[in-house]
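Reading through the structure tokens given below for one structure.
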Amino acid sequence: MKLTGAQALIKSLEMEAVEVMFGLPGGCILPAYDPIIDSSIRHILVRHEQGAGHMAEGYAHVTGRPGVAIVTSGPAATNLVTPLCDAYMDSVPMIAITGQVGTKSIGTDAFQECDTVGITRSVTKHNELIMSPQDIPRIVREAFHIATTGRPGPVLLDLPKDVLQGTMEWEWPETVDLVGYRPTAAADPQRIREAAQLIAQARRPVFYVGGGVLKARASEALKQLVEMTGIPVVTTLMARGAFPDRHELCLGMPGMHGNYTAVTAMQKADLLIALGSRFDDRVTGRVDAFAPGAKIIHVDIDPAELGKVRRPDVSIVGDCRQVIEEMVKAVRALDDGAQPDRTEWMAQVRRWQEEFPLHYEQGYEEGDRLKPQYVLETLRDSTPDDTILVSGVGQHQMWSSQYWKFDHPYTWVNSGGLGTMGFSVPAAIGAKVGRPDKMVWAIDGDGCFQMTAQELVTASSERIPVKIAILNNAYLGMVRQWQEMFYEERYSEVYLSPDLPDYVKWAEAMGCVGFKVEHPEDVQTTIDKANEIDDRPVVIDFRTDSSEKVFPMVAAGQSNDDIIPGPTPGRKVVQ
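In my numbering, the protein residues as written are 41 to 615.
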């Protein structure tokens with residue numbers, strides 16, 4: 041069967057069971073847009089190529105399937121660099137398809153030419169310039185295999201215009217055989233037994249759970265291992281929902297803005313069982329002071345992560361789900377799963393929880409300022425417990441992780457490693473496309489919202505009813521917090537103004553329903569109104585207290601032992 045390269049591309053995507061792709065056409069990719077008309081694949085027209093990438097990420101986060109973004113050459117391809125890097129840092133499976141100038145024009149500085157493969161090499165798991173139409177099916181098949189096996193990540197395919205216009209004889213490869221690409225899945229049984237022995241000896245152990253547990257679909261296996269051993273669990277920012285927050289053994293999020301108990305339990309532990317986590321600097325604080333008395337079991341699909349930051353006592357390369365399932369067997373084999381008496385350890389953990397809970401004060405008198413934490417708690421209690429929450433980056437991201445209760449996996453979507461402002465709105469759209477049966481709320485700051493809000497035009501025109509809560513404090517809040525605490529309150533270029541733009545009018549101009557909330561007594565009724573709207577996007581502008589800061593906090597470069605549980609009047613923090 042003779043096909044054009046463009047037809048082969050779209051057919052290859054259909055063979056990979058792609059249901060939707062996010063994109064924006066332009067000159068070099070234009071041949072690929074013609075066969076889309078006859079394809080079963082839904083195409084969602086974005087308003088900016090960065091939005092296409094973040095939508096693909098949001099889709100991948102909640103479905104586990106690769107998100108697909110398709111854009112043209114030059115500036116369109118460079119606009120994808122941020123979401124590609126974001127996906128790379130957070131191990132998100134994604135396929136990016138970019139147009140390129142014709143093969144004979146490559147290297148001549150032709151109109152809208154750039155070295156897309158060179159530019160994206162360091163922010164993709166794999167990328168490739170396709171030089172023949174005949175290679176398209178094979179390379180697409182390989183791209184999906186690479187993106188979804190081993191440590192997931194983004195793959196970019198760059199397609200010159202004449203390759204899309206040329207013809208080929210259709211042939212679909214049923215198998216993939218890539219020389220040199222052999223991701224490890226099965227772990228060393230001996231090392232699993234060694235890990236089980238360390239667990240059976242530990243008096244103060246903690247499970248340190250990272251996003252790799254979610255990528256491996258290992259939540260159920262993790263719960264079984266935790267309940268068998270009775271060991272408490274911390275879930276990193278990328279692992280929220282991997283273990284239920286309301287479970288008695290869940291300590292919540294560790295790290296720079298983690299809760300006191302999670303941070304301190306790790307510091308005082310004699311064993312950390314790191315599952316799909318990478319000892320990120322936001323979790324460890326000063327590395328040489330991190331969990332100084334703890335032995336380390338480190339499980340990761342990527343061997344490059346083992347020993348990168350902290351040398352493990354037992355390192356296990358393997359898929360987290362398979363490793364955890366084997367750990368369950370290995371622990372059970374040791375004296376029928378008997379564990380040491382950890383009564384004293386758990387009593388200490390409970391004392392920390394009682395002494396240092398998350399805290400804020402919401403007044404209800406006239407003139408009392410609206411607290412962002414109150415907004416989040418009210419929203420949390422007014423939505424189904426499997427609501428998907430998507431966050432931007434900054435103070436609102438930390439409050440979201442702290443005050444929401446994530447009891448189901450794949451209900452938390454955020455930008456972790458790269459910390460991309462502007463992530464929330466397009467990622468929420470992608471998440472809603474991936475899970476139209478779920479309620480999707482995005483929590484954004486006024487700074488983040490202004491970066492990618494135009495994608496709500498996409499949501500309106502495509503009838504994607506996402507809901508956006510802007511915690512509007514009129515500042516770049518996290519930067520303001522640092523300037524207040526570490527720069528003697530010298531506020532430089534962080535004020536955004538509460539009234540410019542008018543978020544209600546902006547929302548309405550984009551086809552959304554817009555609300556503004558300034559007083560605590562209006563929070564519940566407005567959220568209820570928003571929840572009832574299901575035929576268009578909703579934006580709520582919550583005017584929140586600009587003086588509110590995120591606590592607990594570990595200052596950059598400090599030990600986790602120096603955690604600041606909350607604000608102290610008159611206290612100055614020295615960096």
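All residues carry an ideal CB built from backbone N, CA and C; glycine is no exception. Model, not experiment: these values are computed from the prediction.
Buried or exposed: P229, going by 16 or more other Cβ atoms within 10 Å of its Cβ?
With fewer than 16 Cβ atoms within 10 Å of its Cβ, P229 is classed as exposed.
By the three-class DSSP mapping on this structure, what secondary structure does K478 have?
Of the three classes helix, strand and coil, the one that applies to K478 here is coil, per DSSP.
Determine, using beta-carbon pairs with one atom in the region 136-145 and one in the region 60-74, whether at least three such pairs fall under 8 Å.
They touch, by the three-pair rule.
Cutting at 7 Å between CB atoms, please list the residues of its own chain near R576, excluding the five before and the five after it.
If we look at R576 and ignore the five residues flanking it on each side, its Cβ neighbours are S500, P505, G551, C552 and V553.
Looking only at C-alpha atoms, which of G325, Y543, G517 and Y527 sits nearest to Y535?
Comparing Cα positions, the closest option is G517.
Helix, strand or coil for E168, going by three-state DSSP, please let me know.
E168: strand per DSSP, three-state reduction.
Taking a contact to mean a Cβ-Cβ separation below 8 Å, would you say G91 touches P173 in this structure?
Contact flag unset, no.
Boundaries (first-last residue) of the alpha helix (DSSP H) holding T143
No alpha helix (DSSP H) holds T143; DSSP gives it neither H nor E.
What does a CB cutoff of less than 6 Å around K507 pick up in its chain, not counting 5 residues either side in sequence?
Same-chain partners within the cutoff: W481, A570 and V578.
Here's a check: name, in chain order, each residue in its chain whose Cβ is nearer than 8 Å to the Cβ of Q494, leaving out the five neighbours to either side.
Excluding sequence neighbours, Q494 sits near R87, H88, G91 and M550.
How long is the line joining the alpha carbons of F591 and E260, rounded to whole angstroms?
Between F591 and E260, the C-alpha separation is close to 31 Å.
So, does the region 119-139 touch the region 184-196, judging by three or more C-beta pairs under 8 Å?
Counting C-beta pairs closer than 8 Å gives three or more between the region 119-139 and the region 184-196, which meets the contact rule.
Are the Cβ atoms of M306 and Y248 separated by less than 8 Å?
Their beta carbons are under 8 Å apart, which means M306 touches Y248 by this criterion.
K589, DSSP secondary structure in three states
If DSSP states are grouped into helix, strand and coil, K589 belongs with coil.
Straight-line Cα distance separating D447 from S317
Rounded to the nearest angstrom, the two C-alpha atoms are 19 Å apart.
Give me the residue from G107, M296 and A57 with the minimum Cα distance to A595.
Comparing Cα-Cα distances from A595 to each of G107, M296 and A57, the minimum goes to M296.
Between the region 580-588 and the region 279-298, can you find at least three pairs of beta-carbon atoms closer than 8 Å?
No contact exists between the region 279-298 and the region 580-588.
For K507, report the span of its beta strand (DSSP E) as first-last.
Secondary structure note for K507: its beta strand (DSSP E) is the uninterrupted segment K507 to N512.
Give every residue of the same chain whose Cβ lies closer than 6 Å to the Cβ of G206, excluding the five residues on either side of it in the sequence, and list them in chain order.
Taken in chain order, the residues that qualify are G45 and P173.
Nearest neighbour of T224, chosen from A468, P343, S431 and I232 [CA to CA]
Per the Cα distances, P343.
Three-state class that DSSP yields for V86 in the structure shown
Reduced to three states, the DSSP call for V86 is coil.
What does the Cβ neighbour count give for D484, buried or exposed, with the cut at 16 atoms within 10 Å?
Here D484 is buried. Its C-beta has 16 or more other C-beta atoms within 10 Å.
C-beta contact flag for F62 and A109 at 8 Å:
Less than 8 Å divides the Cβ of F62 from the Cβ of A109.
Can you tell me whether I77 is buried or exposed? The criterion is at least 16 other CB atoms within 10 Å of its CB, across all chains shown.
I77 is exposed by the Cβ-count criterion.
Exposed or buried, F489, counting other C-beta atoms within 10 Å across all chains shown (16 or more means buried)?
With a 10 Å radius around the Cβ and a threshold of 16 neighbouring Cβ atoms, F489 comes out buried.
Under the three-state reduction of DSSP, which class applies to T138: helix, strand or coil?
The answer is strand: DSSP assigns T138 an E or B state.
Could you have a look at I341 and say whether DSSP puts it in helix, strand or coil?
Residue state, collapsed to three classes: coil.
What are the boundary residues of the beta strand (DSSP E) that M208 is part of?
Start and end: T207 to E209.
Since I believe Q521 is in contact with Q435 (beta carbons under 8 Å), could you give me their beta-carbon distance rounded to a whole number of angstroms?
Between Q521 and Q435 the Cβ distance is about 7 Å, and since that is below 8 Å, they are a contact.
Short of 6 Å in beta carbon distance, which residues of its chain neighbour P75, apart from the five on each side in sequence? Order them along the chain.
Excluding sequence neighbours, P75 sits near A46, Q47 and I50.
Pop quiz: P272 and V389 are said to be a contact at Cβ under 8 Å. What is the actual Cβ separation, rounded to whole angstroms?
That belief holds up - the Cβ atoms of P272 and V389 are roughly 6 Å apart, short of 8 Å.
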